[in-house]
DNA sequence: GCATTATTCACCCTTATGGTTGAACGAATA
DNA sequence: TATTCGTTCAACCATAAGGGTGAATAATGC
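Protein chains in written order, with full-length UniProt numbering: chain F, 1 to 114; chain V, 1 to 114.
Pasting the structure below:
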């Protein structure tokens, strides 16, 4: 069986990022900094409740964090968390590169029987 | 409304990458190069059919491609497609960086009324 | 033609997901 | 205290998603 490590975190991260509305929220937060739920919701056609749910998803993936000031919930981006996605991507790329390297070595000695 | 460009492609890409089994398939392909559906399925506990479905998802996200030789379907990774995810991530990061830059400028002239 | 191999297709089931509406709650304010 | 504001909670609905089994298809080998 393939190494099914602790990738539940990465799964949550990618799942959260896979919804267009949620990505738009992340973009808004990146552009404007911390925003209230209501202000975020104003930018979308979906209901406030729907946006609230999306924020909860982003929150449990730790892509955003919430700072409750008085009755206002300030949502802000956790830019460092995005790097985790990048790490996965880079790991996969290096695995790929490594294989190509090995393959090349085999080619040079013309011993390439699979 | 936020710029909801043509991100259906990115959505498919991230959705495809958000499943652990599919990510494991991608890792296997990166490690071993092109593999048959059956050989891929051997690495997982889920049924062959389930793996076949996952491959179809990866295929429609263009993360893998299929080369049918005789009755065998060789699945291989499309490493360039992974770069799209990285592009999204980098874009978001630069938006973030840009905002911080602007913010810093504002701070220097102490004119920061939101 | 029949069996075998490799893979998909067609269903079915269960759970997750994204959306809605309406009630509830907590805090400020009149 | 009643009202308004900001937000979540609780149902509910429709659809998608992941998983399974069994039949179908396609190609090879006897």
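Note that the Cβ used here is the ideal one computed from N, Cα and C, for glycine as well. This structure is a prediction, so every number in the text was calculated from the model and none was measured.
- Message: Between residue 86 of chain V and chain F, is the shortest Cβ-Cβ distance under 8 Å, so that the two count as touching?
- Response: For residue 86 of chain V, the nearest beta carbon of chain F is closer than 8 Å to its own beta carbon.
- Below-8 Å beta-carbon distance, residue 80 of chain V vs any chain F residue: Contacts with chain F at 8 Å (Cβ-Cβ) do not include residue 80 of chain V.
- Mind checking if residue 65 of chain F is an interface residue toward chain V, Cβ cutoff 8 Å exclusive? Not one chain V Cβ lies under 8 Å of residue 65 of chain F.
- Item | Proximity below 8 Å, CB of residue 75 of chain V to CB of residue 107 of chain V | Contact flag unset, no.
- Query: Mapping DSSP to helix, strand and coil, what is residue 22 of chain V?
  - Reply: Three-state result, residue 22 of chain V: helix.
- What span of residues does the alpha helix (DSSP H) with residue 51 of chain F cover, start to end? Start and end: 48-60.
- Message: If we define contact as Cβ-Cβ less than 8 Å, is residue 112 of chain V a contact residue for chain F?
- Response: Any reading at residue 112 of chain V must be qualified, since the residue scores a pLDDT of 43, below 50, and its modelled position is unreliable; the value itself is stated next. Not closer than 8 Å to any Cβ of chain F, the Cβ of residue 112 of chain V fails to qualify, so no.
- Query: CB residue 44 of chain V to CB residue 68 of chain V, shorter than 8 Å?
  - Reply: Contact flag unset, no.
- Task: Could you tell me which residues DSSP puts in a beta bridge with residue 77 of chain F?
- Result: The bridge partners DSSP lists for residue 77 of chain F are F:64.
- Query: Within the 8 Å Cβ cut-off, does residue 61 of chain V reach chain F?
  - Reply: No, no contact with chain F.
- Task: Pull up the distance between the alpha-carbon of residue 3 of chain F and that of residue 32 of chain V, whole angstroms please.
- Result: Its pLDDT being 40, under 50, residue 3 of chain F is placed unreliably by the model, and nothing is read from it.
- Message: Relative to the C-alpha of residue 17 of chain V, which candidate in V:46, V:95, V:57 and V:99 has its C-alpha closest?
- Response: Residue 17 of chain V has its Cα closest to that of V:57, out of V:46, V:95, V:57 and V:99.
- Message: Below 9 Å on C-beta distance, what does residue 18 of chain V contact in chain F?
- Response: Near residue 18 of chain V (Cβ distances below 9 Å), the residues of chain F are 10, 11, 12, 13, 14, 15, 16, 17 and 18.
- Among residues of its own chain, excluding the 5 on either side of residue 61 of chain F, which ones have a beta-carbon nearer than 6 Å to its beta-carbon? Hits under 6 Å: 12, 13 and 16.
- Task: Return yes when the Cβ of residue 30 of chain V is within less than 8 Å of the Cβ of residue 99 of chain F, no when it is not.
- Result: Against a cut-off of 8 Å, the Cβ pair of residue 30 of chain V and residue 99 of chain F comes out as a contact.
- According to a CB-to-CB cut-off of less than 8 Å, which residues of the stretch 18-42 of chain V neighbour chain F? Per Cβ criterion, the list reads 18, 19, 20, 23, 24, 26, 27, 28, 30, 31, 32 and 33.
- Message: Can you tell me where the alpha helix (DSSP H) holding residue 9 of chain V begins and where it ends?
- Response: 8-17 is the extent of the alpha helix (DSSP H) around residue 9 of chain V.
- So which residues of chain F does residue 70 of chain V contact, with C-beta pairs closer than 8 Å? Close partners of residue 70 of chain V in chain F (Cβ separation under 8 Å) are lacking, with about 16 Å as the shortest Cβ gap.
- Query: Given that residue 92 of chain V touches chain F, what residues does it touch there, using C-beta distances under 7 Å?
  - Reply: Those are 26, 27, 30 and 82, listed as they occur along chain F.
- Message: Quick check on residue 101 of chain V: does DSSP put it in helix, strand or coil?
- Response: Residue 101 of chain V: helix per DSSP, three-state reduction.
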